[in-house]
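Residue numbers (UniProt numbering): 1 to 403.
What follows is the structure, given as structure tokens:
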């Protein structure tokens, strides 16, 4: 296949055959985004998507290949899962322009462009940035310790700190970083690309973010209120610019990818945590990392949600433990993992929430008591309102296990 012809796969679909050059096969294999098998036919390889969705460009020269992996759930559902957090975008179907779209990239790009257009219509946001400088005259305040250490006895130049009014603020840096990332994603529509390039011109004077570096930190306020929707999407885009292997390696990609099991875990931890707070009060801790299997803080436990409630003494303690499983059927190791959570947290019920399969309960007899490992199912193909209702129902079910 030529370098301009993309490889198009879909999450959860069976193997498919693709003509590839040896260099392209090497790049795809190195990325670990998909599974690859030889077919026995020269230049033809069998490919299957793993747990990633998105669009990337890999390699250079003869090894260059464009890869698109579509999600198995509708794209608007995926965007809802991706954006679900109190401090980020609450996704709604009306944010998608035009008819329903099957590809993730157009949905992200259209939503971002609409939000950026609204945010930048009055002009770029500006603010004050604290700047350290060396000047011949006093501006702002003198940094006395630096002046004495660098120029003892000399009246000029002066080491000063002053507030500078500028467009080079964290909000604009985050926005520009997302624009530049989208411009590098393969397969972007020409109209969208042209509009993104127009946004970069509006942000002249803003320092671009460094690829792979932490995103600029900003705080919501009345002043940046009009920027908040586009900043939520910008964070989403920059989050999708890299992915981690199980051994801790981080890979920065020329594109936009999301690991689906991480998306599901983040969504469930936050959405179900909010629903539990409404149902029973207390405090929800998604991705709680405060508990260990062994003494000496060894072997950290990694449940996706621990919900805390006040005990008899008034001190809060673990009351509900939940783990998200983005797979159709349960495995024995899921039960062993949840059993370890329950034993260590002192709970009689543990809850596994799958994205498919059948619900059920496994009863584990222990000396003097029984631990119940519940399997729940959450259908991610449901519409936003129905999915939200199912999460609320799940919270009520978990609350009843406390009785």
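Beta carbons: idealized from backbone N, C-alpha and C, even for Gly.
State the Cα-Cα distance for the pair residue 199 and residue 364, rounded to the nearest angstrom.
Locating residue 199 in the chain shown gives position 199, counting from the first residue. Locating residue 364 in the chain shown gives position 364, counting from the first residue. One C-alpha to the other measures close to 59 Å.
Considering only the alpha carbon of each residue, which of 106, 115, 396 and 26 lies closest to residue 272?
Against the chain shown, residue 272 aligns to sequence position 272. Ranked by Cα distance from residue 272, the first of 106, 115, 396 and 26 is 396.
CA-to-CA distance, residue 209 to residue 334, given in whole angstroms
As a first step, residue 334 must be located in the chain shown, where it is residue number 334. As a first step, residue 209 must be located in the chain shown, where it is residue number 209. Rounded to the nearest angstrom, the gap between the Cα atoms of residue 334 and residue 209 is 40 Å.
CB residue 307 to CB residue 282, shorter than 8 Å?
Residue 307 sits at position 307 when you count from the first residue of the chain shown. Residue 282 sits at position 282 when you count from the first residue of the chain shown. Yes, the Cβ-Cβ distance between residue 307 and residue 282 is below 8 Å.
Between the Cα of residue 344 and those of 326, 303, 381 and 361, spot the shortest distance and give me the residue it belongs to.
Here residue 344 refers to the residue found at position 344 of the chain shown. Looking at the Cα atoms, 303 is the closest of the given residues.
Between 47, 180, 322 and 59, which has its C-alpha nearest residue 24's C-alpha?
Translated into positions along the chain shown, residue 24 becomes position 24. For residue 24, the closest alpha carbon among the candidates 47, 180, 322 and 59 is that of 59.
Only counting the same chain, and skipping five residues up and downstream in sequence, which positions put a Cβ closer than 8 Å to that of residue 118?
Taking the chain shown and counting its residues from 1, one reaches residue 118 at position 118. When the five nearest sequence neighbours on each side are left out, the beta carbons in the same chain lying within less than 8 Å of the beta carbon of residue 118 are those of 226, 229 and 230, in order along the chain.
For residue 22 and residue 188, I'd like the C-alpha separation in whole angstroms.
Numbered from 1 along the chain shown, position 22 holds the residue referred to as residue 22. Numbered from 1 along the chain shown, position 188 holds the residue referred to as residue 188. If you take the alpha carbons of residue 22 and residue 188, they lie about 27 Å apart.
Does the distance from the C-beta atom of residue 140 to that of residue 161 stay below 8 Å?
Position 140 of the chain shown, counted from the start, is the residue given in the question as residue 140. Position 161 of the chain shown, counted from the start, is the residue given in the question as residue 161. Between residue 140 and residue 161, the gap from beta carbon to beta carbon is short of 8 Å.
How about residue 142 and residue 158: are their beta carbons less than 8 Å apart?
On the chain shown, residue 142 is found 142 positions in, with the first residue counted as 1. On the chain shown, residue 158 is found 158 positions in, with the first residue counted as 1. For residue 142 and residue 158, yes; Cβs fall inside 8 Å.
Burial state of residue 369 (16 or more Cβ within 10 Å)
Locating residue 369 in the chain shown gives position 369, where the first residue counts as 1. Under this definition residue 369 is an exposed residue.
Limits of the unbroken alpha helix (DSSP H) element including residue 261:
The residue labelled residue 261 in the question sits at position 261 within the chain shown. Run containing residue 261: 260–280, per the alpha helix (DSSP H) assignment.
Who are the near neighbours of residue 120 in its chain, counting only those whose CB is closer than 7 Å to its CB and skipping five residues on each side?
By one-based count along the chain shown, residue 120 stands at place 120. Counting only Cβ-Cβ distances below 7 Å, and skipping sequence neighbours, we find 199 and 202.
Under the assumption that residue 336 contacts residue 301 (Cβ atoms under 8 Å), give the Cβ distance between them as a whole number of angstroms.
The residue you call residue 336 lines up with position 336 of the chain shown. The residue you call residue 301 lines up with position 301 of the chain shown. In this structure residue 336 does not touch residue 301 by the C-beta definition: roughly 13 Å separates them, more than the 8 Å allowed.
Local Cβ density within 10 Å of residue 288, reported as buried at 16 or more and exposed below that:
Taking the chain shown and counting its residues from 1, the one referred to as residue 288 is at position 288. It is buried - the Cβ of residue 288 has at least 16 other Cβ atoms within 10 Å.
Buried or exposed for residue 113, going by 16 or more other Cβ atoms inside 10 Å?
For the purposes of this step, residue 113 is identified with residue 113 of the chain shown, where counting begins at 1. Its Cβ being crowded by 16 or more others within 10 Å, residue 113 is buried.
Out of 40, 65, 41 and 78, state which residue places its alpha-carbon closest to the alpha-carbon of residue 34.
Translated into the one-based positions of the chain shown, residue 34 becomes position 34. The candidate whose alpha carbon is nearest that of residue 34 is 65.
Would you call residue 299 buried or exposed, if buried means 16 or more other Cβ atoms sit within 10 Å of its Cβ?
In the chain shown, the residue the question calls residue 299 occupies position 299. Using a 10 angstroms sphere on the CB of residue 299, the tally of other CB atoms stays under 16, which defines it as exposed.
Please report how far the alpha carbon of residue 134 lies from the alpha carbon of residue 156, in whole angstroms.
To locate residue 134, count along the chain shown from 1; it is residue 134. To locate residue 156, count along the chain shown from 1; it is residue 156. When rounded, the distance between both Cα atoms is 9 Å.
Identify whether residue 334 lies in helix, strand or coil by the three-state DSSP scheme.
Counting from one through the chain shown, the residue named residue 334 turns up at place 334. Helix, per DSSP.
DSSP state of residue 345 mapped onto helix, strand, coil:
Taking the first residue of the chain shown as 1, we reach residue 345 at position 345. DSSP places residue 345 in helix when its eight states are reduced to three.
DSSP puts residue 162 in a beta bridge; with which residues?
Residue numbering aside, residue 162 sits at position 162 when the chain shown is read from its first letter. Its beta-bridge partners are 131.
Taking the straight line between their C-alpha atoms, what separation do you get for residue 192 and residue 74?
Within the chain shown, the letter at position 192 stands for residue 192. Within the chain shown, the letter at position 74 stands for residue 74. So the two alpha carbons sit approximately 22 Å from each other.
Taking residue 269 and residue 324 to be in contact with their CB atoms under 8 Å, please state how far apart those CB atoms are, rounded to whole angstroms.
As a working mapping, residue 269 is identified with position 269 in the chain shown. As a working mapping, residue 324 is identified with position 324 in the chain shown. Confirmed, about 7 Å.
Rounded to a whole number of angstroms, what is the C-alpha to C-alpha distance between residue 62 and residue 26?
Within the chain shown, the letter at position 62 stands for residue 62. Within the chain shown, the letter at position 26 stands for residue 26. Going by the C-alpha atoms only, they are around 11 Å apart.
So if DSSP puts residue 353 in a beta bridge, which residue, or which two residues, is it bridged to?
Counting from 1 along the chain shown, the entry for residue 353 is found at position 353. Answer is 324 and 376, bridged to residue 353.
Cα-Cα separation between residue 144 and residue 150, rounded to whole angstroms:
Against the chain shown, residue 144 aligns to sequence position 144. Against the chain shown, residue 150 aligns to sequence position 150. Residue 144 and residue 150: Cα-Cα distance of roughly 10 Å.
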